[in-house]
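See below for the structure under consideration.
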Amino acid sequence: MIRVHLPPLRERREDIPRLARHFLQIAARELGVEAKQLHPETEMALTRLAWPGNVRQLENTCRWLTVMAAGQEVLTQDLPSELFETAIPDNPTQMLPDSWATLLGQWADRALRSGHQNLLSEAQPEMERTLLTTALRHTQGHKQEAARLLGWGRNTLTRKLKELGME
Numbered sequence: 003m004i005r006v007h008l009p010p011l012r013e014r015r016e017d018i019p020r021l022a023r024h025f026l027q028i029a030a031r032e033l034g035v036e037a038k039q040l041h042p043e044t045e046m047a048l049t050r051l052a053w054p055g056n057v058r059q060l061e062n063t064c065r066w067l068t069v070m071a072a073g074q075e076v077l078t079q080d081l082p083s084e085l086f087e088t089a090i091p092d093n094p095t096q097m098l099p100d101s102w103a104t105l106l107g108q109w110a111d112r113a114l115r116s117g118h119q120n121l122l123s124e125a126q127p128e129m130e131r132t133l134l135t136t137a138l139r140h141t142q143g144h145k146q147e148a149a150r151l152l153g154w155g156r157n158t159l160t161r162k163l164k165e166l167g168m169e
């Protein structure tokens, strides 16, 4: 028996897009369909994931995408949401950007299919409410500090609290 040390996938991130394309080709061949293509943003998202299941998890994800992704090009919103539970952020300001962006995109798709309009006027207050609640919780209710964390002045925070009925 020959022992070969192969580092975990998370330690060779540069291999992930190439492996994913390979696994998409294999899955397509097995299913008799045309191979899906990865959007560049999707490739980047895949490289930011922890891949605790290593190469087998990537392979299974590619099989799943071959069947479940709606279009020929795999977009980040096509990725299974459970993958983002193990994402490794590049820096603190990028804490799982694709997970909330993906959820927001899915919400927008559903709303538009249902005939909704003025999506921003629906989404913005909810987003502000979530950010305000989180910042206030993080600062134990200290409004001036919460405003600073949000990049606002204290008067803006007070006005937003009033507008959103959060006083």
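Sequential numbering from 3 applies to the sequence shown in my numbering. Idealized CB from N, CA, C, for every residue including glycine.
According to the DSSP assignment, His-24 belongs to the alpha helix (DSSP H) that extends over 18-33.
Pro-10 and Phe-86 have their C-alpha atoms some 18 Å from each other. Taking a C-beta distance under 8 Å as the contact criterion, Gln-74 and Gln-39 qualify as a contact pair. Going by beta carbons, Lys-162 and Glu-130 fall inside the 8 Å limit.
Note on Trp-102: under 16 other CB atoms within 10 angstroms of its CB, so exposed under the neighbour-count rule. The DSSP-derived three-state label of Leu-51 is strand. The DSSP-derived three-state label of Leu-85 is helix.
Setting aside the 5 residues that flank it on each side, Trp-109 is surrounded in the same chain by Ala-125, each with a C-beta closer than 8 Å to its C-beta; the list follows chain order. With fewer than 16 other beta carbons inside 10 angstroms of its own, Ala-72 counts as exposed. For Thr-104, the CB contacts under 8 Å within the same chain, skipping 5 residues up- and downstream, are Thr-78, Gln-79, Leu-81, Ser-83 and Phe-86 in chain order.
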